[in-house]
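Count along the sequence shown from 1, then add 453; that gives the number in our numbering. Report on the structure given below.
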Amino acid sequence: MSDTVWAMQRAERERLVGYLATVPPAAWEQPSLCPEYRVRDVVGHLISGAKNTPPKFLLGMLKAKFDFDVAMCAAAARESSGTPADLTARFGALADARARPGPAMLGEVIVHSEDIRRAVGGGPGAYPQDHLRTVADAFRGAGMGLGAKKRIAGLRLEATDADWSTGEGPLVRGPLLSLVLAMTGRSVALADLDGPGVAELGRRS
């Protein structure tokens, strides 16, 4: 992965660390927007992801009998214990971790940041457009686990706040962050979108 994308990833991890420091302890036990994950579980998932490598991923999948969701939940559970301050510090220490390659990891940090922020009432984060374009380009072809490629098949997505679009078919328009979230099945983002393709995208979320 290029140094540019690594720098983006570090910046987004550090942005999230700064936000986590403001989240009240009780809110860490609240459900996030990520199904079955509390806020602390999302942070545990990000810690696990920052430490992950292809061999570790394969071993986790073998233990989970190749059930992706089971493997991810098990990995998050191993890292989600401790106080909020402890979890924040552990994640912060991994800001420059380079175990997992590819811009999809950048997207994971941004999407899970929104899973946390919106669950605890923080509202959407502010992300540089080049970070979001990098993520959107990576996500539009993503299959296993994320499923964005199948979710947006036969639809045209156009950002209203950035020079980005993809696909052909009924139109879905809106802020690039909301398109990224919708690509990952976050139905909360649908309210920010318009166009004849929104209803179909919602059915696939």
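Each residue gets a CB set at the ideal place from its N, CA and C atoms; glycine is no exception.
>> Tell me the DSSP secondary structure of alanine 612 in three-state form.
In response: strand
>> Rounding to the nearest angstrom, what Cα-Cα distance links serine 534 and leucine 608 in this structure?
In response: 41 Å
>> Report the CB separation of glutamate 465 from leucine 559 in whole angstroms; it is logged as a contact under 8 Å.
In response: 6 Å
> So arginine 493 packs on tryptophan 481, CB below 8 Å; how close in whole Å?
Replying inline: 5 Å
> Shortest alpha-carbon distance to glycine 555 belongs to which of Val564, Leu486, Thr587?
Replying inline: Thr587
> Thinking C-alpha only, which one of Trp459, Asp522, Tyr472, Ala460 is nearest arginine 570?
Replying inline: Tyr472
>> Suppose you measure from the CA of alanine 591 to the CA of threonine 637; what does that come to, to the nearest Å?
In response: 12 Å
>> Can you list, in chain order, the residues of its chain with a C-beta nearer than 7 Å to that of leucine 630? Leave out the 5 residues immediately preceding and following it.
In response: Pro577, Tyr580, Leu585
> Out of curiosity, what's the CA-to-CA distance linking histidine 498 and glutamate 532?
Replying inline: 7 Å
> What separation, rounded to the nearest whole angstrom, lies between the Cα atoms of glycine 648 and lysine 602?
Replying inline: 19 Å
>> Here's a check: name, in chain order, each residue in its chain whose Cβ is nearer than 8 Å to the Cβ of proline 478, leaving out the five neighbours to either side.
In response: Thr536, Pro537
>> Given this structure, state the Cα-to-Cα distance separating serine 485 from arginine 491, to the nearest angstrom.
In response: 5 Å
>> Checking 8 Å against the spacing of the C-beta atoms, do leucine 632 and alanine 589 come in under that value?
In response: yes
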